[in-house]
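Worksheet: the structure to be examined is printed underneath.
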Amino acid sequence: MKKRVIQAFAVVCCGVVMFSTGVTKRYMSAETTDTTEKYSTTAGISSVLAVNLDETYATACVSDSDSVITGTQAAIVYGYKNIGIANISEGNLNVREAADENSSLVGKMPVDSACDILDIDGQWAHISSGEVEGYVLAEYLLTGDEALNKAKTLVHTVAKVKESGLRVRKEPSTDSGILMTVAEGEQLEVLENQGEWIKVTMDDEVGYAYAEYVEVVDEIRDAMTLTEARYGEGVSDVRVAIIDNAIQYVGCPYVWGGTSLAHGCDCSGFTMGIMAQYGVYLPHSSRAQANCGTRISTSELKPGDLLFYGSGNYISHVAIYMGGGQIVHASDSRTGIIISNAFYRTPICATRVIYD
Numbered sequence: 010m011k012k013r014v015i016q017a018f019a020v021v022c023c024g025v026v027m028f029s030t031g032v033t034k035r036y037m038s039a040e041t042t043d044t045t046e047k048y049s050t051t052a053g054i055s056s057v058l059a060v061n062l063d064e065t066y067a068t069a070c071v072s073d074s075d076s077v078i079t080g081t082q083a084a085i086v087y088g089y090k091n092i093g094i095a096n097i098s099e100g101n102l103n104v105r106e107a108a109d110e111n112s113s114l115v116g117k118m119p120v121d122s123a124c125d126i127l128d129i130d131g132q133w134a135h136i137s138s139g140e141v142e143g144y145v146l147a148e149y150l151l152t153g154d155e156a157l158n159k160a161k162t163l164v165h166t167v168a169k170v171k172e173s174g175l176r177v178r179k180e181p182s183t184d185s186g187i188l189m190t191v192a193e194g195e196q197l198e199v200l201e202n203q204g205e206w207i208k209v210t211m212d213d214e215v216g217y218a219y220a221e222y223v224e225v226v227d228e229i230r231d232a233m234t235l236t237e238a239r240y241g242e243g244v245s246d247v248r249v250a251i252i253d254n255a256i257q258y259v260g261c262p263y264v265w266g267g268t269s270l271a272h273g274c275d276c277s278g279f280t281m282g283i284m285a286q287y288g289v290y291l292p293h294s295s296r297a298q299a300n301c302g303t304r305i306s307t308s309e310l311k312p313g314d315l316l317f318y319g320s321g322n323y324i325s326h327v328a329i330y331m332g333g334g335q336i337v338h339a340s341d342s343r344t345g346i347i348i349s350n351a352f353y354r355t356p357i358c359a360t361r362v363i364y365d
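Residue numbers for the sequence shown follow this note's numbering, beginning at 10 and rising by one.
Take a look at the structure:
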């Protein structure tokens with residue numbers, strides 16, 4: 010069966026060396042964290058192009074109006090003309106509509122996410138990343154060769170689902186049991202390309218996807234867009250508060266067995282930590298949490314309800330429903346705490362632990 014593999018696009022660009030910051034900055038002030046505005050987020054990813062070019066093409070330059078990084082002829086530019094990397098140790102780098110700390114947020118750049126630097130004017134950099142375009146404080150960006158070298162360490166391989174309802178199996182065989190069913194457009198981290206089958210992982214579960222139904226690409230994480238959270242009618246203040254609280258941890262790390270919201274937790278540690286702040290004390294196990302509260306149908310979901318995922322009837326993952334068809338959850342060690350489509354895979358059940 011045919012598999013489509015997109016590889017790196019090797020380009021050598023000539024131009025001006027942008028200044029780079031050599032010291033890793035810890036996030037600080039309003040520009041690297043913001044919890045006062047109500048938003049939901051959709052994580053973005055930037056695809057990597059990778060084709061070996063002949064020497065003549067590899068020496069081509071972009072237009073004189075572009076500021077570009079320098080490097081050897083073997084340099085790889087990961088889908089960006091002038092790559093920048095979010096140089097923060099934790100949290101998110103705020104992307105604003107204008108070059109002003111009082112300007113509205115339009116996106117957030119997680120730790121080590123990439124962008125195109127369109128211009129730098131004083132302390133502000135005009136950037137584009139995924140679906141986000143705006144301004145960030147330039148001191149929090151790696152630029153030039155330093156950004157390029159960092160980017161080389163950040164590339165990872167994913168399988169993008171091309172068909173609706175992809176069945177990820179427990180073994181590389183159509184006779185094997187189904188581990189999970191994944192929605193079209195979702196991504197699975199690739200562990201190994203075995204030809205006809207791709208060994209993948211999602212939510213720390215390992216399975217096999219039929220190569221014909223996925224597209225394998227190399228990627229670097231990019232910025233998250235922000236859209237106003239849609240809570241719907243009749244949603245209580247406590248449910249709004251739960252979601253506002255939960256999404257401030259987007260970008261924080263996943264640690265198996267962890268319970269620290271800021272420094273590392275797993276899926277049930279995340280839900281346990283969030284709900285405890287509102288007087289709901291859950292066990293540290295997704296399967297045990299599924300037995301707490303009241304079972305509801307997915308048509309009854311409200312922000313703050315819990316959704317459970319797994320294989321068959323075996324529960325192995327839990328998330329908080331945000332409203333608007335989205336969840337916030339501690340996904341896995343690669344992505345950390347993220348926001349996803351609530352039906353990125355088929356939920357096993359839903360429960361209500363908040364009564365209002």
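Here a beta-carbon is modelled for each residue, glycine too, at the ideal position from N, C-alpha and C. Remember, predicted model here, so these are calculated numbers, not experimental data.
Spatial neighbours of residue i in its chain, beta-carbon cut-off 6 Å, leaving aside the 5 residues before and after
i: residue 290; result: none
i: residue 237; result: Since pLDDT at residue 237 reaches only 35, below the 50 mark, its modelled position is unreliable, and no value is offered.
i: residue 262; result: 273 and 345
i: residue 108; result: 133 and 144
i: residue 7; result: Lying before the first or after the last residue shown, residue 7 is absent from the chain, which here runs from 10 to 365.
i: residue 303; result: 361
Cross-strand partners of residue i (DSSP beta bridge)
i: residue 208; result: 201 and 217
i: residue 352; result: Residue 352 is not bridged to any residue.
i: residue 149; result: According to DSSP, which records beta bridges pairwise, residue 149 is partnered with nothing at all.
i: residue 119; result: 101
i: residue 301; result: According to DSSP, which records beta bridges pairwise, residue 301 is partnered with nothing at all.
i: residue 227; result: 166
i: residue 142; result: 137
i: residue 347; result: 338
i: residue 273; result: 269
Whole-Å CB distance - residue i paired with residue j, under 8 Å assumed
i: residue 366; j: residue 121; result: The chain is shown only over 10 to 365; residue 366 falls outside these bounds and no answer can be derived.
i: residue 190; j: residue 354; result: 6 Å
i: residue 149; j: residue 218; result: Their Cβ separation, rounded to whole angstroms, is 37 Å, which puts residue 149 and residue 218 out of contact at 8 Å.
i: residue 232; j: residue 306; result: Not quite, the Cβ-Cβ distance comes to about 35 Å (not below 8 Å), so this is no contact.
i: residue 143; j: residue 116; result: 6 Å
i: residue 313; j: residue 252; result: 7 Å
Range of the contiguous alpha helix (DSSP H) that encloses residue i
i: residue 280; result: 276 to 285
i: residue 339; result: Unbroken run through residue 339 is the beta strand (DSSP E), 335 to 341; no alpha helix (DSSP H).
Limits of the unbroken beta strand (DSSP E) element including residue i
i: residue 126; result: 123 to 130
i: residue 249; result: Run containing residue 249: none in the beta strand (DSSP E); it sits in the alpha helix (DSSP H), 246 to 256.
i: residue 297; result: First-last for residue 297: 295 to 298, but that is the alpha helix (DSSP H), not the beta strand (DSSP E).
i: residue 93; result: 92 to 95
i: residue 265; result: Neither: residue 265 is in no beta strand (DSSP E) and is coded neither H nor E.
i: residue 316; result: 315 to 320
i: residue 329; result: 323 to 332
i: residue 357; result: Per DSSP, residue 357 belongs to no beta strand (DSSP E) and is neither H nor E.
i: residue 289; result: Careful: residue 289 lies outside any beta strand (DSSP E) and carries neither H nor E.
i: residue 177; result: 175 to 178
Other residues of its chain near residue i: CB distance less than 7 Å, five sequence neighbours each side excluded
i: residue 255; result: 283, 329 and 337
i: residue 167; result: 196, 197, 198, 199, 226 and 228
i: residue 267; result: 273, 274, 275 and 278
i: residue 298; result: 277, 280, 291, 292, 315 and 327
i: residue 180; result: 217
Chain-order list of residues whose beta-carbon lies under 8 Å from that of residue i (same chain, five-residue window excluded)
i: residue 222; result: 170, 171, 172 and 175
**Message:** Under 8 Å: do the region 340 to 359 and the region 207 to 216 share three or more Cβ pairs, one atom per stretch?
**Reply:** yes
**Request:** May I ask you to verify whether the region 289 to 305 touches the region 167 to 177, counting CB pairs closer than 8 Å and requiring at least 3?
**Result:** no
**contact_flag[the region 137 to 147, the region 193 to 201] where n(CB pairs < 8 Å) is 3 or more** = no
**Stretch-stretch touch, CB-based, cutoff 8 Å, three pairs: the region 258 to 267 with the region 317 to 325** = no
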